[in-house]
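Novice: Supplied in structure tokens, the structure appears directly below.
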């Protein structure tokens with residue numbers, strides 16, 4: 189079994205993927221991002237418009253006003269940290285997204301003590317209702 193450690197190294201979590209699917213339509217992805225707005229981000233694949241690094245992954249967490257434009261959080265630090273993901277060719281062109289709904293099934297604390305898994309947040313419960 190694989191456990192993931194939290195950022196302050198106090199607990200470890202074992203996860204199960206409750207559901208997972210690939211989304212190939214930017215319009216469908218926009219609808220899912222709108223439903224789970226910042227509660228359950230999607231992993232998005234985009235084209236960068238740079239031939240040296242043609243494709244890139246971003247976290248899709250918020251819709252913009254104009255469908256199907258979404259906010260992509262980039263892993264490049266302060267360099268282009270937010271990318272507007274669209275269907276327009278060039279930097280930020282949507283390719284596909286991966287929707288993953290994880291479930292925490294086991295928690296270990298200090299000295300490997302078992303801790304009850306946390307309940308899902310109110311925001312999560314509302315998003316999946």
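In the working numbering, the protein residues as written are 189 to 317. Beta carbons: idealized from backbone N, C-alpha and C, even for Gly.
Identify the continuous alpha helix (DSSP H) that holds residue 249 and give its terminal residues.
Specialist: Residue numbering aside, residue 249 sits at position 61 when the chain shown is read from its first letter. Run containing residue 249: none in the alpha helix (DSSP H); it sits in the beta strand (DSSP E), 243 to 251.
Novice: CA-CA distance, residue 229 and residue 299?
Specialist: By 1-based counting over the chain shown, the position of residue 229 is 41. By 1-based counting over the chain shown, the position of residue 299 is 111. For residue 229 and residue 299, the distance between alpha carbons rounds to 32 Å.
Novice: Nearest by alpha-carbon distance to residue 233: which of 310, 199 and 272 is it?
Specialist: Here the question's residue 233 lines up with position 45 in the chain shown. Of the candidates 310, 199 and 272, the one whose C-alpha sits nearest the C-alpha of residue 233 is 272.
Novice: Apart from the five residues on each side of it in sequence, which residues of its chain come closer than 8 Å, Cβ to Cβ, to residue 220?
Specialist: Within the chain shown, residue 220 is the residue found at index 32, counting from 1. Answer for residue 220: 211, 230, 285 and 287, listed in chain order.
Novice: Terminal residues of the continuous beta strand (DSSP E) containing residue 284?
Specialist: Along the chain shown, read from residue 1 onward, the residue named residue 284 stands at position 96. From DSSP, the beta strand (DSSP E) with residue 284 extends over 281 to 296.
Novice: On the three-state DSSP scale, how would you describe residue 193?
Specialist: Numbered from its first residue, the chain shown carries residue 193 at position 5. Looking at residue 193 - three-state DSSP - the assignment turns out to be strand.
Novice: What number of angstroms, rounded off, separates the C-alpha of residue 213 from the C-alpha of residue 280?
Specialist: In the chain shown, counting from the first residue as 1, residue 213 sits at position 25. In the chain shown, counting from the first residue as 1, residue 280 sits at position 92. The alpha-carbon atoms of residue 213 and residue 280 are separated by roughly 14 Å.
Novice: Answer yes if the stretch 195 to 208 comes into contact with the stretch 294 to 312, meaning at least three C-beta pairs across the two stretches below 8 Å, and no otherwise.
Specialist: With a cut-off of 8 Å, the stretch 195 to 208 and the stretch 294 to 312 count as touching, because enough Cβ pairs lie within range.
Novice: Measure the C-alpha to C-alpha separation of residue 290 and residue 252 and round it to an integer number of angstroms.
Specialist: The count along the chain shown starts at 1 and reaches residue 290 at position 102. The count along the chain shown starts at 1 and reaches residue 252 at position 64. Cα-Cα distance, rounded: 25 Å.
Novice: Going by beta-carbon coordinates alone, are residue 256 and residue 224 separated by less than 7 Å?
Specialist: In the chain shown, residue 256 corresponds to position 68, counting from 1. In the chain shown, residue 224 corresponds to position 36, counting from 1. No, the Cβ-Cβ distance between residue 256 and residue 224 is not below 7 Å.
Novice: Since residue 205 is in the beta strand (DSSP E), which residue starts that stretch and which ends it?
Specialist: By 1-based counting over the chain shown, the position of residue 205 is 17. Taken as a continuous stretch (DSSP letters only), the beta strand (DSSP E) holding residue 205 covers 200 to 211.
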